[in-house]
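> I have a structure here, written as C-alpha cells, and I will follow up with some questions on it.
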C-alpha cells in the first residue's frame, strides 16, 4: 500500500500540478479576480464602447463632410 | 452565429429607413446593409471608410458574421466537450456549427431573389401562408431569440461570478445594460466598427491561448503524453489523486465528476481519438440544434436580408471558415489542456463553462482569467446586440405593425423598436436568473434548444425553396414536431433512467432523440401534407405582398435586382457551401477514423492544423477589412489631420473606383 501511494504521488506531480492536490473543485468559491474587475468589465466596457463609438460617429460626421449637425452649424 | 447575405429589397428597405428613420437604421445590425445604405445616400454618409460600399465588403462582412456567431457557448461549451470527449469534441463543435452558416448563404440568396422587400422572416411567412402560419412561426422565432439570449447570459454570468466573485444573478441583470447602452448609443456605423473590434479582440485572446498551451508552456508531444497518463489511471489511483491527503480513505472522487481514467465509449478509452460515441452523438445534436438557431433566428435572416449578394456570399463563406477556428483551435488548446493536466475541474464547473477560465488561470494567473473575461464579454455584447435587434424587428414589424397599427409610420416603428430593446434586455436578465434557480446550466440549455425550435427548420426551408409547400401543413408540422419531440424526450428519459429529472433529461441519448424527432418528424409531416394538399405558389408574387414602411424604392439599384448576378451569386455560394459542408461533416471525420487512437505524429499534425487555422483566421479577420478599406481610411485620416471636409470628400470620390478595381482583381 505504501508503494502504491508513492506511485500515485509521482503521477500526481508529473501530471496534475501539485498546487491542485486535495482540491475538490478548481475555483472552490474563490475568484481569481476581484469584484471590482467584474464591475469594470460588465459596466465599464459597455459604457466605454458606447462613448468610443459615439465619438467615432461624431468624428466621421465632422470629417466626412456629410450632413448632420456640423453642416447645419456652419451654414 | 449570425449570417448574412442578402436581398436587394432588404437593401432597399434599409436605405429607405436610413432616410426616414436614422435611428432605426442604426439598429440594423448588418454590415452589408450599412455599407450599401451609406453608398446609396451620400447625404447620410457618416463613415468615410464604409462609404467604399461594395468594395469593402468581404472582409468586414466576415468579421461581422464571426462576431455575431460567437456566443458565450462557442467560447465555453467547446472546451467543455473537449474536457468530456477529447479531440472529437472541439471538432464536432466547430464543424457542427459552421455548416449552417455556409448553407444559410444559399437560403439568403433565395431570399434575395424572391422576397427582397422583407424585413423579417415572419413577414415572408405571412406573405406566403397567411396569419395562422405567421403566428406560429413568430412564436418559434421569438423563442429562438429568447433561448439564445438567456443562454448567453447564463454562461456569461456564471463565468463572471467564478472569475470575479460578482453575484451571478446580479451579473445576469447588469450585463444586458452594457448591450442596451451600446446598441442604443452606438448606432449603425458604430456597431459596424464595434463588431470589427470585438472580433479582433476575440482572435487576439484566441491566439494568445493557443500559443500558451502548445508553444510556450507545453508541446503537442507533452499534451499527448499527459492525456495518455490521465486515462491510464485506475479507479483506485483516481481516488487517491482526488482526495484530501492522497489516500483512498479521504477521497472525494466520483467518476462522473472528474476527468480521470479511461473515457467511456472512446476508442482505447483515449481522449486522442475521433472514434468517440458520445462525441459523435454530441456532433449530431450540435448539427441539428444549430440548424434551429440559425434558420429560426431572425438575427441571421436580418443580416442575410440586408446584405448585398456578391461579396456578401464571399463574406459568408469566409466568415464561416474563420469562425471555425474559434471553437476548434480554442478548445483544442484549453479544453485538452484541462484533462491533460487533470485540473480539479468538476463536471458542474465544466458544464457551466468554466473550463477555459480554469485553464487560463492555471497558465497565466489573473491575467489569463482577465483575458477570458474580456473575450467572453466581447462575444456576449456583439451577439446580444444582434439578438436584441432581431427581437425588436419582430415585435415592431410582425406584432406592432401587423396586428396593432398597420399604418405605422417609420417614427412609430422606431419608437417601438427602441422600447423593445430595453424591455427585452431586462426580461432576459430576469429569465436567466429563473433558469439558474431551476438548476439548468449552459450545457443543458444548449442541447435542449434543438428540441424546442428544431421543428420550424424544414418548413421554413420549404417556404423559401418549394412551391408546393403548404401553409397549413407547415403549421401542423411545426406544432406536432414540437409535441412529438418533447414527448420523445420525456419518454426516452423515463425509459433510459427510470425517472424524469433535470439531470436525466440532460443526457446525450435523450437529447439526441428529442432533437432528431423535432427536425425530422416536422419535415416528414410537412412533406406528406404538402404532397396531399399542395399549394401552387408563384414565387413571383411573394414580394408584392410585403409592405415597405414607406413606398420608396430608392434603396434598390438595378444592379441589386439583376437576375443574372443573383443567379451567379446563387451558384457561387451553393457549390462552395455544399462542398465545404460535406468536407467538414463527412470527409474529414471519415478520414480520421482509420487513425483510431491518434499517434503522436498524427496528433502533432492535428494540433498544427488548429494552430494554423487559428492564426490564419486571426490574420484574415484583422487585416483584410483594413486592406479593403485602406483608401477610405487614409482619406479619413487626412481629413482628421486638418484637411477640409470638402477635400476629404473629394478623396473619397476619387479613391472609391480604385478600391473597386482592386476588389475585382
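Residue numbers (the working numbering), protein chains in the order written: chain A, 289 to 363; chain B, 3 to 667.
Every residue, glycine too, gets a C-beta built ideally from N, C-alpha and C.
Every value quoted in this text rests on a predicted model; they were computed, and no experiment measured them.
1) Using a C-beta to C-beta distance shorter than 9 Å, which residues of chain A count as neighbours of residue 586 (chain B)?
2) In terms of residue numbering, what span does the alpha helix (DSSP H) encompassing residue 565 (chain B) cover?
3) At a cut of 8 Å, does the segment 461–476 of chain B reach the segment 490–510 of chain B through at least three beta carbon pairs?
4) So what does DSSP say about residue 599 (chain B), is it helix, strand or coil?
5) At what residues does the alpha helix (DSSP H) containing residue 79 (chain B) begin and finish?
6) Secondary structure at residue 407 (chain B), three-state DSSP: helix, strand or coil?
7) Closest to residue 520 (chain B) by CA distance: which of B:618, B:156 and B:452 is it?
8) In chain order, which alpha helix (DSSP H) runs of at least 4 residues are fully inside the segment 498–560 of chain B?
9) With DSSP run on the structure shown, which of helix, strand or coil describes residue 443 (chain B)?
10) Among B:285, B:171 and B:383, which has the Cα closest to the Cα of residue 101 (chain B)?
11) For residue 275 (chain B), does the three-state DSSP call read helix, strand or coil?
12) With distances taken from CA atoms, which of B:208, B:390 and B:456 is nearest residue 422 (chain B)?
13) Can you give me the C-alpha to C-alpha distance between residue 613 (chain B) and residue 479 (chain B), rounded to a whole angstrom?
14) Looking at residue 281 (chain B) and residue 446 (chain B), is the spacing between their C-beta atoms short of 9 Å?
15) What are the residues that DSSP puts in a beta bridge with residue 253 (chain B)?
16) Nearest CA to the CA of residue 533 (chain B): which residue from B:578, B:587, B:494 and B:469?
17) Could you check what DSSP says for residue 268 (chain B) in three-state terms: helix, strand or coil?
18) Which residues in chain A have a C-beta closer than 7 Å to the C-beta of residue 346 (chain B)? List them in chain order.
19) What does the alpha-carbon distance come out to for the pair residue 305 (chain A) and residue 92 (chain B)?
20) Between the segment 369–388 of chain B and the segment 111–124 of chain B, are three or more C-beta pairs nearer than 8 Å?
21) Using the beta-carbon count (16 or more within 10 Å), is residue 316 (chain B) buried or exposed?
22) Near residue 669 (chain B), which residues of its chain fall below 7 Å by C-beta distance, leaving aside the five closest residues on each side in sequence?
23) Against residue 375 (chain B), what residues of chain A qualify as contacts under a CB-to-CB distance less than 9 Å, listed in chain order?
24) Counting pairs of Cβ atoms below 8 Å between the segment 376–390 of chain B and the segment 265–283 of chain B, do you hit three or more?
25) Using C-beta distances below 7 Å, list every residue in its chain close to residue 617 (chain B), excluding the 5 sequence neighbours before and after it, in chain order.
26) Which residues of the segment 63–86 of chain B have a Cβ closer than 7 Å to any Cβ of chain A? Give them in chain order.
27) Can you pull out the residues from the segment 227–244 of chain B whose beta carbon lies closer than 8 Å to at least one beta carbon of chain A?
28) To test your reading of the DSSP string, which unbroken alpha helix (DSSP H) runs of 4 or more residues are found completely within the segment 145–221 of chain B?
29) Using CA atoms only, rank isn't needed, just tell me which of B:141, B:243 and B:157 is closest to residue 73 (chain B).
30) Closest by CA to residue 104 (chain B), which one among B:639, B:586, B:606 and B:597?
31) Cβ of residue 341 (chain B) within 9 Å of Cβ of residue 84 (chain B)?
32) With burial defined as no fewer than 16 other Cβ atoms inside 10 Å of the residue's Cβ, what is the status of residue 602 (chain B): buried or exposed?
33) What does the Cβ neighbour count give for residue 154 (chain B), buried or exposed, with the cut at 16 atoms within 10 Å?
34) Within the same chain, show all residues whose beta-carbon is closer than 7 Å to that of residue 568 (chain B), passing over the 5 residues directly before and after it, in chain order.
35) Which residues in the same chain have their Cβ closer than 6 Å to the Cβ of residue 321 (chain B), if we skip the five residues on either side of it in sequence?
Looking at the atomic coordinates:
1) Ordered by position in chain A, no residue passes the 9 Å Cβ test against residue 586 (chain B), which lies about 32 Å from the chain.
2) Run containing residue 565 (chain B): 565–584, per the alpha helix (DSSP H) assignment.
3) Counting C-beta pairs closer than 8 Å gives fewer than three between the segment 461–476 of chain B and the segment 490–510 of chain B, which falls short of the contact rule.
4) Strand at residue 599 (chain B).
5) In the DSSP annotation of this structure, the continuous segment of the alpha helix (DSSP H) that includes residue 79 (chain B) starts and ends at 74–87.
6) DSSP, read as helix, strand or coil, puts residue 407 (chain B) in coil.
7) Comparing Cα-Cα distances from residue 520 (chain B) to each of B:618, B:156 and B:452, the minimum goes to B:452.
8) Taking only runs of at least 4 residues, the alpha helix (DSSP H) segments lying wholly in the segment 498–560 of chain B are 504–507 and 510–534.
9) For residue 443 (chain B), the secondary structure class from DSSP, reduced to helix, strand or coil, is coil.
10) Measuring from the Cα of residue 101 (chain B), the nearest candidate turns out to be B:285.
11) DSSP places residue 275 (chain B) in strand when its eight states are reduced to three.
12) The residue with the shortest Cα to Cα distance from residue 422 (chain B) is B:390.
13) Spanning the two alpha carbons is a distance of roughly 44 Å.
14) No, Cβ-Cβ distance for residue 446 (chain B) and residue 281 (chain B) is not below 9 Å.
15) According to DSSP, which records beta bridges pairwise, residue 253 (chain B) is partnered with B:245.
16) Closest by alpha carbon: B:469.
17) Note: residue 268 (chain B) maps to strand in three-state DSSP.
18) Chain A residues near residue 346 (chain B): 308, 311, 312, 313 and 314.
19) Approximately 24 Å, taken between the alpha carbons.
20) No, they do not touch.
21) Buried is the call here.
22) There is no way to answer for residue 669 (chain B), as the model of chain B reaches only from 3 to 667.
23) Contacts between residue 375 (chain B) and chain A, judged by CB atoms closer than 9 Å, involve 321, 325, 326 and 329 in chain order.
24) At 8 Å Cβ cutoff, the stretches do not touch.
25) Once the five neighbours on either side are set aside, the close Cβ partners of residue 617 (chain B) are 209.
26) For the segment 63–86 of chain B, there are no residues whose beta carbon sits under 7 Å from a beta carbon of chain A.
27) Of all residues in the segment 227–244 of chain B, the ones placed with a Cβ closer than 8 Å to any Cβ belonging to chain A are 228, 231, 232, 235, 238, 239, 242, 243 and 244, in chain order.
28) Whole alpha helix (DSSP H) segments, 4+ residues: 170–212.
29) When each option's Cα is compared against that of residue 73 (chain B), the closest is B:157.
30) The option with the nearest alpha carbon to residue 104 (chain B) is B:586.
31) Going by C-beta atoms, residue 341 (chain B) is nearer than 9 Å to residue 84 (chain B).
32) Exposed is the label assigned to residue 602 (chain B), since fewer than 16 other Cβ atoms lie within 10 Å of its Cβ.
33) So residue 154 (chain B) counts as buried.
34) Cβ within range, chain order: 111, 114, 115 and 311.
35) Residues 64, 67 and 68 of the same chain have their beta carbon placed closer than 6 Å to that of residue 321 (chain B), with the five preceding and five following residues left out of the count.
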